[in-house]
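All remarks here apply to the structure that follows.
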Amino acid sequence: MSRLSRPTRILIIVAVVIVILFIVGLIGGAVGRALEIDSPGFLHVPVLEVHSFFKGDALTGSEAGPGDAYISNTMIASWITVIVVLAIAFAATRKMRIVPRRIQGLVEVMLETLLNFVEGVAGRHLGRKFFPVVATIFIFVIFNAYLALLPFFGPGIYASQEHPVEASTDGVIISVEVEDGAHVEEGQVIFYLEGDKAVEAHDSGHIHFDKTYTVGDTIAQHEQIAVMETKPPLFRSANTDINMTLALALVAVFFIEFWGFRARGPRHYISEYANFGELKAGIGALFRGKIKEAPMMILTGIINVVMGGLEALSHGTRVISFAFRLFGNMTAGEILLLSATFLIPWIMAIPFYGLELLVGFIQALIFGGLTIVWGTMAASHEAEEHQQA
Amino acid sequence: MDAESMKMLATGMAAGLGLLGPALGLGLIGYATVTALGRNPEARPAILTNMILVAALTEAVGIYALIVSIILAMVA
Numbered sequence: 459m460s461r462l463s464r465p466t467r468i469l470i471i472v473a474v475v476i477v478i479l480f481i482v483g484l485i486g487g488a489v490g491r492a493l494e495i496d497s498p499g500f501l502h503v504p505v506l507e508v509h510s511f512f513k514g515d516a517l518t519g520s521e522a523g524p525g526d527a528y529i530s531n532t533m534i535a536s537w538i539t540v541i542v543v544l545a546i547a548f549a550a551t552r553k554m555r556i557v558p559r560r561i562q563g564l565v566e567v568m569l570e571t572l573l574n575f576v577e578g579v580a581g582r583h584l585g586r587k588f589f590p591v592v593a594t595i596f597i598f599v600i601f602n603a604y605l606a607l608l609p610f611f612g613p614g615i616y617a618s619q620e621h622p623v624e625a626s627t628d629g630v631i632i633s634v635e636v637e638d639g640a641h642v643e644e645g646q647v648i649f650y651l652e653g654d655k656a657v658e659a660h661d662s663g664h665i666h667f668d669k670t671y672t673v674g675d676t677i678a679q680h681e682q683i684a685v686m687e688t689k690p691p692l693f694r695s696a697n698t699d700i701n702m703t704l705a706l707a708l709v710a711v712f713f714i715e716f717w718g719f720r721a722r723g724p725r726h727y728i729s730e731y732a733n734f735g736e737l738k739a740g741i742g743a744l745f746r747g748k749i750k751e752a753p754m755m756i757l758t759g760i761i762n763v764v765m766g767g768l769e770a771l772s773h774g775t776r777v778i779s780f781a782f783r784l785f786g787n788m789t790a791g792e793i794l795l796l797s798a799t800f801l802i803p804w805i806m807a808i809p810f811y812g813l814e815l816l817v818g819f820i821q822a823l824i825f826g827g828l829t830i831v832w833g834t835m836a837a838s839h840e841a842e843e844h845q846q847a
Numbered sequence: 398m399d400a401e402s403m404k405m406l407a408t409g410m411a412a413g414l415g416l417l418g419p420a421l422g423l424g425l426i427g428y429a430t431v432t433a434l435g436r437n438p439e440a441r442p443a444i445l446t447n448m449i450l451v452a453a454l455t456e457a458v459g460i461y462a463l464i465v466s467i468i469l470a471m472v473a
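Here the protein sequences come in this chain order: E and F. Under the numbering used here, the first residue of the first sequence is numbered 459, with each subsequent residue one higher. Under the numbering used here, the first residue of the second sequence is numbered 398, with each subsequent residue one higher.
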């Protein structure tokens with residue numbers, strides 16, 4: 459071993475560590491349990507699941523209805539992102555020099571790359587106008603995506619919550635299906651009641667009964683029978699919350715329309731989508747005696763109106779496509795990582811981490827890039843084809 | 398056929414059939430990009446920028462199908 463060069467020795471050590479982690483993960487994870495390999499209890503990996511799907515899990519308050527205010531774990535994650543970005547910005551701008559060193563240099567390189575990208579798509583003048591909003595969107599999305607890959611995000615750190623479990627119907631208990639303290643899934647039956655009724659769990663977690671229920675007990679409807687303990691993660695990637703992506707989409711589309719209005723004047727901008735000019739000219743020609751040309755003009759006028767309406771509709775679908783593109787990519791990535799970690803811990807998730815790095819960067823680029831492209835299209839239709847009536 | 402198996406069938410078919418279109422679309426985008434690069438290698442930055450843009454738009458449609466499938470699996 460001492461005759462091998464240093465890089466080769468390091469390579470051998472890394473390979474041995476990976477093989478050991480693979481074997482341990484195989485034994486303790488889901489694959490090992492399916493193959494029924496005996497292993498001590500401390501190696502077992504618990505079930506990893508995504509608790510709530512479109513929104514983050516509520517950590518304070520409850521998410522009973524649309525008007526309820528609560529703090530979700532995705533909200534906390536977005537605060538962490540803001541704090542990290544502000545810390546980097548603060549560190550980069552203290553004692554700024556003309557010839558930058560270290561952190562200031564790094565941030566300058568990143569911002570200049572971003573500025574070149576924006577100006578490459580939008581041109582010099584428009585690029586400078588668009589840069590603040592687009593760079594904010596890009597930095598926010600990419601930091602959200604990358605911070606979510608750190609180990610303290612996700613099911614590792616959780617905030618225990620206890621929800622009361624109420625009986626959905628009343629009746630006499632025939633059989634008790636779960637033990638005290640057991641883990642139940644959503645929809646799993648807790649009690650079978652007389653008369654073909656059942657009390658099911660409405661959420662997944664560990665259930666702790668209020669008192670010991672035996673066969674023959676009567677329970678009333680809406681009586682609290684147990685307390686469900688769920689363990690939602692404390693931090694969860696902010697991009698997996700449809701509220702956040704919808705808010706970003708609304709901001710982006712608002713700014714696209716704003717730039718269009720400011721560059722071309724509201725009337726001129728709207729007239730591209732509510733294009734009644736040809737139709738009005740056609741009806742006017744009908745009344746003024748030019749009967750021969752009128753039908754053709756009216757026809758093209760109607761087509762213009764319909765096309766303009768469809769274009770205006772496509773502005774609205776941009777909001778939905780922005781929101782769901784980012785949300786879908788990030789949530790699919792999160793579920794993929796959780797599944798890979800669940801199957802063979804430590805090792806199987808490594809290639810998917812690489813995929814998540816790539817996907818995070820591309821999604822941020824796409825969000826910002828599409829904002830620039832549509833903003834450029836909205837703000838710079840200087841040359842118009844006017845059809846001579 | 399009971400509701401549970403119908404739901405499983407719907408989940409699988411929504412994702413499977415829905416992702417055929419975007420996969421074909423992305424392949425066509427790759428074909429067009431490689432053809433364009435072969436004809437005009439000097440225009441590489443412009444071609445690649447537009448390729449990434451259109452590829453992301455197409456991929457988004459596939460993500461919509463995936464979301465429908467996930468909604469069927471988890472929320473329905």
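The beta carbon of each residue, even a glycine, is placed where N, CA and C say it ideally should be. None of these values were measured; they are calculated from a predicted model.
Proximity below 8 Å, CB of residue i to CB of residue j
i          : j          : result
Arg-694(E) : Ala-457(F) : no
Val-592(E) : Gly-826(E) : yes
Ile-538(E) : Leu-605(E) : yes
Leu-796(E) : Glu-814(E) : no
Asp-661(E) : Ile-631(E) : no
Val-709(E) : Val-777(E) : no
Ile-830(E) : Val-576(E) : yes
Leu-692(E) : Ile-615(E) : yes
Gly-740(E) : Tyr-727(E) : no
Ala-452(F) : Leu-423(F) : yes
Gly-629(E) : Gly-612(E) : no
Ile-597(E) : Val-543(E) : yes
Ala-640(E) : Val-647(E) : no
Thr-703(E) : Phe-589(E) : no
Ala-470(F) : Gly-415(F) : no
Val-634(E) : Ala-659(E) : no
Leu-706(E) : Ile-805(E) : no
Ala-400(F) : Val-465(F) : no
Val-565(E) : Thr-834(E) : no
Listed by chain order, chain E residues near residue i by CB distance under 7 Å
i          : result
Val-472(F) : Phe-511
Leu-463(F) : Gly-786, Ala-790
Buried/exposed call for residue i, threshold 16 Cβ in 10 Å
i          : result
Ser-530(E) : buried
Ile-471(E) : exposed
Ala-836(E) : buried
Asp-526(E) : exposed
Ser-510(E) : buried
His-844(E) : For His-844(E), the pLDDT reaches just 36, beneath the cut-off of 50, and the residue's location in the model is therefore unreliable, although a value from the coordinates is still provided. By the neighbour-count rule (16 or more Cβ atoms within 10 Å), His-844(E) is not buried but exposed.
Leu-469(E) : exposed
Pro-465(E) : exposed
Phe-713(E) : buried
Ala-841(E) : Because the pLDDT of Ala-841(E) is 41, which lies under 50, any placement of that residue in the model is unreliable, and the number read from its coordinates should be weighed accordingly. Flag for Ala-841(E) reads exposed.
Gly-413(F) : exposed
Leu-584(E) : buried
Val-599(E) : buried
Glu-736(E) : buried
Gln-846(E) : Bear in mind that the predicted position of Gln-846(E) carries a pLDDT of just 35, short of 50, making it unreliable; the figure below should be weighed with that in mind. So Gln-846(E) counts as exposed.
Ile-749(E) : exposed
Leu-651(E) : buried
Phe-610(E) : exposed
Asp-668(E) : exposed
Val-508(E) : buried
Within chain E, partners of residue i - CB distance below 8 Å
i          : result
Leu-450(F) : Ile-824, Gly-827, Leu-828, Val-831
Per DSSP, cross-strand counterpart(s) of residue i
i          : result
Ser-530(E) : Ala-516(E)
Val-508(E) : For Val-508(E), which the question treats as bridged, DSSP gives no partner whatsoever.
Ala-617(E) : DSSP output for Ala-617(E) lists no bridge partner at all.
Lys-655(E) : Leu-651(E)
His-666(E) : Val-685(E)
Thr-676(E) : Val-630(E)
Glu-624(E) : Gln-682(E)
His-641(E) : His-664(E)
Beta-carbon neighbours of residue i, restricted to chain F and to distances below 7 Å
i          : result
Ser-779(E) : Ala-457
Under 8 Å by beta carbon: chain F residues contacting residue i
i          : result
Ile-820(E) : Ile-449, Ala-453
Phe-782(E) : Ala-457, Ile-460, Tyr-461, Ile-464
inquiry  = Does the contact criterion of 3 or more C-beta pairs under 8 Å hold for the segment 731-748 of chain E versus the segment 818-835 of chain E?
reply    = no
inquiry  = With a threshold of 8 Å, are at least 3 pairs of Cβ atoms found where one atom belongs to the segment 612-625 of chain E and the other to the segment 673-685 of chain E?
reply    = yes
task = Please confirm if the segment 558-566 of chain E is in contact with the segment 538-550 of chain E, defined as three or more CB-CB distances below 8 Å between the two stretches.
result = yes
Touch test, the segment 421-431 of chain F against the segment 748-760 of chain E, Cβ-Cβ under 8 Å, three pairs minimum = In short, these stretches do not touch, since the Cβ pair count stays below three.
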